[in-house]
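The structure appears below as structure tokens.
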Amino acid sequence: MRSFQLIRRKAFIVIVVLTTCVAVSAQSRIMLNVDASEAARGVIHVSEKMTATPGRFAVFYPKWIPGEHSPTGTINNLVNLHVSANGQSIAWNRDNVEMFAFWLDVPKGVNSIDLTFDDVEDPGSTHSGNLARIKWNRLVLYPRGVSQNKISVSSSLKLPSGWDYATALPIENRSADKVQFGPVDLEMFVDSPAIIGKYFRKVPLTASGTLHEMDIAADSEAALQYTPETLAGWKNLITQAHLTFGGQHYNSYRFLLTLSDIGGSEGLEHHQSSEDGVGINGLKPGEPLIDLGDLLGHEYTHSWNGKFRRPAGLATPDFEKPMEGELLWVYEGLTEYMGYVLPTRAGLWTPEIFRETIAQDAAMMAQQQGRNWRPVADTARAVQFTYPSPRGWRNERRGVDYYYEGGLVWLEADVLIRKGTNGKRSLDDFLHDFHGGNTGPLVKPYTFNDVVSSLNRVMPYDWATFLRQRIYDVKADAPTGGITNGGWRLEYSSQPNVRMAGSEQERGYRNFFYSLGIFVTNDGLITDVKPDSPAWAAGLAPGMKILGRNNQPYSNDALATVISAAATSTSPISLQADNGGVIGNYNMDYHGGLRYPHLVRTEGQTDYVSQIAAPKQ
Ligand SMILES: [Zn+2]
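For the record, in the sequence shown the residue sitting at position 329 is 1037 according to my numbering, with numbers rising by one throughout.
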């Protein structure tokens, strides 16, 4: 009910202008000093002065985090909170219901309070011994109930000795290991994180005009090396994004890239930067570089789609009001799609990688049993628990399908426009219409109807029905119209999908979903079972551990050999598995061999998929 109210709500556009370094029309001011000199061991010290009013007064720790679309504020990391005014200690009390709010009694005549606290980060989260992510939302308390655009934040950052830093914040001055930033409003402040590190490299991506920079902090000097082809691809990414969207909505743009196997892993969008954190081998040619192309393309796209154009329900005035995730199939789905298209147009991906990635997504969505009971829109509305949903039973439960299925719907829309206009128009025209123009960082909220109106300006069509059927209806079949109308078809063969094989090697599991119907880690743990599959019929379930044969340790390669051999045999595949100490035999009468998804060309049909992948001129 609520969702239909939302999508039928009359469109309203509120344009909120974010300021960068001009004075904010502030209702409140915060002076924040962040001491990150101990960031390498996960401790950051904060001291803060904030305007306050006498009497009952509440401060708030950011709870609903932009880009995470969820109440993921790290309140457990806030320790050692002390409040005072004019040198006199003030007692605080956490709200009984809202755990992120702290109540104070501010004495008469006092108009500012001092707060100190520490942020303690879990090992392996935001830092390693050589680098750290500085996420300001974890390092600030603000007056509860005041809009983020009415709070001016001036800040400073103390670095570990000899470390460098990068951020989109305006810099006033730097002395030795301390940086002073100019005032911005709280929204822009939280939206402008920093990376700091010992091994650091700043790589300009544009020679003139707007600054675009790849800022890299790594766990070693050697990890900072990249090839000339990689640099050319990064520069092409900027060019292709501008040709694709038309214009930009930032004053400068920084990719805040960390390379570490210990900490700093991230993928989070901001208006004028993105947090991109991968493994220490992230710049090594092969799978890591393909993954990085995806990540950079995705987060960069968000500057247009997500930060500039944002679903009205996600454009909240502060960090306390709950966010509504329903339109994440646009925010994340379209970004997922463009996060494949742009790296391909930029040369960071080959057209084959583009097609294999689409095949992987289409196969994953096609076999998703959860699609029989819940629509994609529901996975978006439920974002608070779809992000952290467990791996086991995900096939029944569905995961963040608004990314992958959303992406397939946008591919279908792209092909539909190309076909319907005889190649004269494409989804790029929608992107120009919906996301185009040149501005500084703005938020321009939208509704379902705004998306439909823009698509109609590009090509008149019943887009409302097109989208409702694919996104809001329970639908047994995955939306693969973009593939079939695009001159290709989804087929399975024993040849590994190069995208799947690469990510499996990186992440330590094997996908036997399209054959036996199981996901298995490299040491034999079953993480998911597909209902109606041979594994399901045999009684296997997530959490069981497949045992090795002939007293050998379990190996996915050995299981693959068994599945292949069974293709030319009539004997069932027999596995032994441990279910919490109960050892059982599980027999599967399966003879289909290994199966992996691919796009196969349908000769005679126009190849729109390759046209989409081609660089724009
Ligand atoms: Zn995203």
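We put the CB at the ideal spot given by N, CA and C, even for glycine.
- If you ignore the 5 residues before and after M1046, its C-beta comes within less than 6 Å of the C-beta of T1009, all in its own chain and listed in chain order.
- Distances taken from the Cβ of T1065 to the heavy atoms of ligand 1 include none shorter than 8 Å.
- Look at E1034: its beta carbon is at least 8 Å from all of the heavy atoms in ligand 1.
- The residues Y1200, Y1222, S1223, in chain order, have a CB closer than 6 Å to that of R1303 in the same chain once the five nearest residues on each side in sequence are set aside.
- Placement of the Cβ of E1044 at a distance of less than 8 Å from at least one heavy atom of ligand 1 is found.
- Taken from the Cβ of H978, every heavy atom of ligand 1 lies 8 Å or farther away.
- Scanning its chain for C-beta atoms nearer than 6 Å, with the 5 sequence neighbours on each side dropped, one finds around S745 the residues K866, P868, in chain order.
- For A926, DSSP records a beta bridge to Y907, L967.
- Following the DSSP letters along the chain, one finds G985 inside the beta strand (DSSP E) bounded by residues 981–986.
- With the rule of 3 Cβ pairs closer than 8 Å, the segment 1285–1299 does not count as touching the segment 1102–1110.
- Between R882 and G1014, the alpha-carbon positions lie close to 32 Å from each other.
- A check of alpha carbon separations from G837 across D927, R764, L1116, I879 identifies D927 as the nearest.
- By the neighbour-count criterion, in which 16 or more other beta carbons inside 10 Å mark a residue as buried, Q980 falls on the buried side.
- Along the length of the segment 1177–1226, whole beta strand (DSSP E) runs at least 3 residues long occupy 1196–1201, 1217–1220, reported in chain order.
- Assigned with DSSP and collapsed to three states, D1137 falls in helix.
- Beyond the five residues adjoining it in sequence on each side, G832 comes within less than 7 Å, by CB distance, of I970, G971 in the same chain, given in chain order.
- Residue pairing by DSSP places T875 opposite A902 in a beta bridge.
- Inter-segment contact for the segment 783–797 and the segment 816–828 is present: three or more beta-carbon pairs are separated by less than 8 Å.
- Residue pairing by DSSP places K886 opposite K866, S883 in a beta bridge.
- Here A1245 is not near I1234, since their CB atoms are 9 Å or more apart.
- Annotation: L1035 to G1041 spans about 9 Å, alpha carbon to alpha carbon.
- In this structure, I924 lies near K910, with their beta-carbon atoms less than 9 Å apart.
- In this structure, L1116 places its C-beta atom within 9 Å of the C-beta atom of A1070.
- Residue state for Q796 is assigned as strand, using DSSP reduced to three classes.
- Excluding its 5 nearest sequence neighbours in each direction, P996 has C-beta neighbours in its own chain below 8 Å: V986, G987, N989, G990, E1214, listed in chain order.
- Using a Cβ distance threshold of 9 Å, G1210 and Y1316 do not count as a contacting pair.
- Counting C-beta pairs with one atom in each stretch, the segment 1056–1073 and the segment 1137–1151 have fewer than three that are closer than 8 Å, which means they do not touch.
- Scanning the segment 1264–1310 from its first residue to its last, the whole alpha helix (DSSP H) runs of 4-plus residues come out as 1264–1274.
- Setting aside the 5 residues that flank it on each side, R1018 is surrounded in the same chain by V1151, P1153, each with a C-beta closer than 6 Å to its C-beta; the list follows chain order.
- Note that the C-beta distance between G1190 and I1066 is below 9 Å.
- By the beta-carbon neighbour count (other beta carbons within 10 angstroms, threshold 16), Q856 is buried.
- Taken atom to atom, the span from the alpha-carbon of P1204 to that of G1055 is near 23 Å.
- When rounded, the separation of the alpha-carbon atoms in S1318 and L964 is 31 Å.
- Remark: C-beta atoms of E1120 and N1193 approach each other more closely than 9 Å.
- Around V1237, the same chain offers G1225, I1226, A1243, W1244, L1248, A1249, P1250 as residues with beta carbons nearer than 7 Å, after the five sequence neighbours per side are excluded.
- The C-alpha of V1123 lies about 19 Å from the C-alpha of Q948.
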